[in-house]
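Take a look at the structure below.
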Amino acid sequence: MAIRLVLLALGPALALGLGRFAYALVLPLMQNAWGLSYAQAGILGSANTLGYLVGAFFSHRLLGRVGYRKGFFLALLLQGPILALTGMENLPLVFSLRFLQGFLGALVFVGGAALLMALGSSGRTLGIYYGGVGLGLLLAPWLLWGAAEPTGAWARLGLYSLLLGLPTLLAWPLLKEPPPPVQGEGSLWPILPLLLAYGLYGAGYIGYMTFVAAVVGGSLVLFGLLGLGALLTGPVWGPWVERVGGRKGLFHVLLVLFLGSLPPLALHLPALSALLFGLSFLGVITALTQAFRTLLPPSAWPRAMGLSTAAFALGQAVGPAVAGFFAEMAGRGEGALWAASILLFLALLPTWSRPQKP
1 MAIRLVLLAL
11 GPALALGLGR
21 FAYALVLPLM
31 QNAWGLSYAQ
41 AGILGSANTL
51 GYLVGAFFSH
61 RLLGRVGYRK
71 GFFLALLLQG
81 PILALTGMEN
91 LPLVFSLRFL
101 QGFLGALVFV
111 GGAALLMALG
121 SSGRTLGIYY
131 GGVGLGLLLA
141 PWLLWGAAEP
151 TGAWARLGLY
161 SLLLGLPTLL
171 AWPLLKEPPP
181 PVQGEGSLWP
191 ILPLLLAYGL
201 YGAGYIGYMT
211 FVAAVVGGSL
221 VLFGLLGLGA
231 LLTGPVWGPW
241 VERVGGRKGL
251 FHVLLVLFLG
261 SLPPLALHLP
271 ALSALLFGLS
281 FLGVITALTQ
291 AFRTLLPPSA
301 WPRAMGLSTA
311 AFALGQAVGP
321 AVAGFFAEMA
331 GRGEGALWAA
341 SILLFLALLP
351 TWSRPQKP
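Shown next as structure tokens:
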């Protein structure tokens, strides 16, 4: 049973690891073959982020209507065809496909977490699920090895996404739908400070991820260490979060993330910085999910997951712009890393106060 449930971690691996982050690996091919400008590349990246934000915001309502199991697997298996079609040299079409991939990626991420929470899965299991993103980060460069043009690269991502998504169907019989909302239950008041922290985390995390390779170099090694660290999320943070609780665990993991992001460490010990960051950036989600389980009734968990993912996506949308502005003010890329660290420090502050159950 446990092995089949772990297969759900392929959901974040494909929807985020291949669907979102592999875009950075294919982008140089798109620029060379299609003459894609940096502005157009940025617009396509924003389309994906916007789709993720919209998908996260409506995920609770949409998945509740079609069923979390059906919605999760349908959104996951559609990743393959959408990624394969992205290689067509038609910018309006590619924009629409990047938006749709982001939208469906949010349904995958939120839906899988809600299904595992409905089973009462441990923090370790949820950590392994979220850590699936790291598997995607590690796989993407190898799946694209030797690709010389964007059409073939996107076709590879689409094919492997479909093939790797099929084994997740083995978990279908083990899953059950989250409980429906109950009248008078499910106030999200206790977690509002945590939603604020999660939004600030989203802004700081993406600021670091966007600029660290440009500032310190060695992108292949850095992203390999980020992916390796992410794969260790479950074994490292899962037991700790279960021991100390979700709110305290969230503070601890954000503290490690903040320390790992500090520019002096990134500039002088980039490998350690990347490993600490990779180890912790998905641990934040593990701790947040555990906090939801403690502070909210089960009927409110899916809605909390959807809203928290929307808060994260909103922070992620503004994070690169804030970091880039700081870099321009400082006159060097290191300013972007300082902006990311400041945002992560601000994310720590709401976790100091302990919300009480109403």
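Per the UniProt record's numbering: the sequence shown = residues 1 to 358.
In this text, a Cβ means the ideal position worked out from N, Cα and C, and glycines have one as well.
Since this is a predicted model, take the numbers as computed values, not measurements.
Worksheet entry | Euclidean distance between Cα positions of L27 and R243 | 42 Å
Item to complete: Measure how close the beta-carbons of G229 and G199 come, nearest whole angstrom, since I'm counting them as under 8 Å.
Response: Contact annotation, G229 with G199: C-beta distance approximately 23 Å; criterion of less than 8 Å not satisfied.
Worksheet item: What are the start and end residues of each continuous alpha helix (DSSP H) run of 4 or more residues lying completely inside the stretch 147-204, in chain order?
Response: Listed in chain order, the complete alpha helix (DSSP H) runs (minimum 4 residues) inside the stretch 147-204 are 150-165.
Worksheet entry | Close-in-space but distant-in-sequence residues of the same chain around L170 (CB under 8 Å, 5 per side omitted) | Result list for L170: R4, L7, in chain order.
Discussion item. Rounded to the nearest angstrom, what separates L222 and L269 at their Cα positions?
Written reply: 11 Å
Practice prompt. Measure the C-alpha to C-alpha separation of L63 and G120 and round it to an integer number of angstroms.
Written response: 19 Å
Fill in: Buried versus exposed call for A304 [16 or more other C-beta atoms within 10 Å across all chains shown]
buried
Worksheet item: Hey, A336 and F326: beta-carbon distance below 7 Å or not?
Response: Contact flag set, yes.
Practice prompt. Using the Cα positions of L257 and G202, report the straight-line distance between them to the nearest angstrom.
Written response: 12 Å
Fill in: Per-residue DSSP class, three states only, for E89
It is coil, neither helix nor strand.
Worksheet item: Closest to L295 by CA distance: which of G246, L175, V110, P263 is it?
Response: G246
Worksheet item: Hey, G55 and G105 are a contact pair by Cβ (cut 8 Å); roughly how many whole angstroms apart?
Response: Contact holds; Cβ gap of about 7 Å.
Discussion item. Just to confirm the assignment, what range does the alpha helix (DSSP H) spanning residue 361 have?
Written reply: With the chain running from 1 to 358 in the structure shown, residue 361 is simply not present.
Fill in: First through last residue of the alpha helix (DSSP H) which encompasses R243
233-244
Worksheet entry | C-alpha gap between R98 and A84, whole angstroms | 11 Å
Worksheet item: What did DSSP end up calling L139 once you bin it into helix, strand or coil?
Response: helix
Worksheet item: Hey, G19 and Q79 are a contact pair by Cβ (cut 8 Å); roughly how many whole angstroms apart?
Response: That pair is a contact at about 6 Å.
Item to complete: Starting from the C-beta of K357, find all residues in its chain whose C-beta is less than 8 Å away, skip the five residues before and the five after it, and write them out in chain order.
Response: A caution first: K357 carries a pLDDT of 45, below 50, which makes its placement in the model too unreliable to give a value.
Practice prompt. Decide if P263 is buried, meaning its Cβ has at least 16 other Cβ atoms within 10 Å, or exposed.
Written response: buried
Worksheet item: Could you give the distance in angstroms between the alpha-carbon of L232 and the alpha-carbon of I285?
Response: 14 Å
Worksheet item: Do you know offhand how far G204's Cα is from V108's?
Response: 23 Å
Worksheet item: Would you say L226 and A287 are within 7 Å of each other, going by their C-beta atoms?
Response: no
Worksheet item: By DSSP, does S96 sit in helix, in strand, or in coil?
Response: helix
Fill in: 7 Å Cβ cutoff met for V133 and L50
no
Item to complete: Pull up the distance between the alpha-carbon of L163 and that of L196, whole angstroms please.
Response: 37 Å
Worksheet item: Taking all protein chains shown into account, do 16 or more other C-beta atoms lie within 10 angstroms of the C-beta of L272, making it buried, or fewer, making it exposed?
Response: exposed
Item to complete: Taking the CB atoms as reference points, tell me whether A118 and K176 lie closer together than 7 Å.
Response: Yes, the Cβ-Cβ distance between A118 and K176 is below 7 Å.
Worksheet item: What is the rounded straight-line gap between the Cα of T168 and the Cα of L174?
Response: Pairing T168 with L174, the inter-Cα distance amounts to about 11 Å.
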